[in-house]
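Colleague: The sequence shown begins at 40 in our numbering and counts up by one.
Where a beta carbon is used, it is the ideal one built from N, C-alpha and C, also for glycine.
There's a structure below that I have some questions on.
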Amino acid sequence: MELIIHFTALPEHLSLEAVKSDLADLLEDDGWLTGSGPAFIELELEDEKANPKYGILTVKNYLQQAAFAPDTTIELAGTPVGIYE
Numbered sequence: 040m041e042l043i044i045h046f047t048a049l050p051e052h053l054s055l056e057a058v059k060s061d062l063a064d065l066l067e068d069d070g071w072l073t074g075s076g077p078a079f080i081e082l083e084l085e086d087e088k089a090n091p092k093y094g095i096l097t098v099k100n101y102l103q104q105a106a107f108a109p110d111t112t113i114e115l116a117g118t119p120v121g122i123y124e
């Protein structure tokens, strides 16, 4: 399952490389980075061995704890959802 994080700015204390590294560590075998740019990070969540909702919740919790801006969204199947919703 593809998940895309859309953001307008990174939290002051984080770089794009640090966020990608943190997400890779958190997801371990349940997901992996497939692309990134100045305003997005694209991940593939494993959905054959594990329920992808755990990966979604992990990513959402990380973004909240890292204090991403309220306009940050995660997009699943073409539908964006706010990280604080």
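So, for D110: in the same chain, excluding its five sequence neighbours on each side, which residues have a beta-carbon less than 7 angstroms away from its beta-carbon?
Modeller: These residues qualify, in order along the chain: T47.
Colleague: Given this structure, state the Cα-to-Cα distance separating A106 from L53, to the nearest angstrom.
Modeller: If you take the alpha carbons of A106 and L53, they lie about 10 angstroms apart.
Colleague: Do M40 and D86 come within 9 angstroms of each other at the CB atom, strictly closer than that value?
Modeller: A contact, by the Cβ cut-off of 9 angstroms.
Colleague: Among D64, L55 and E81, which residue has its Cα nearest to the Cα of P119?
Modeller: With distances taken between Cα atoms, P119 lies closest to E81.
Colleague: Roughly how many whole angstroms lie between the Cα atoms of T112 and D64?
Modeller: Using only the alpha carbons, I get a separation of about 21 angstroms.
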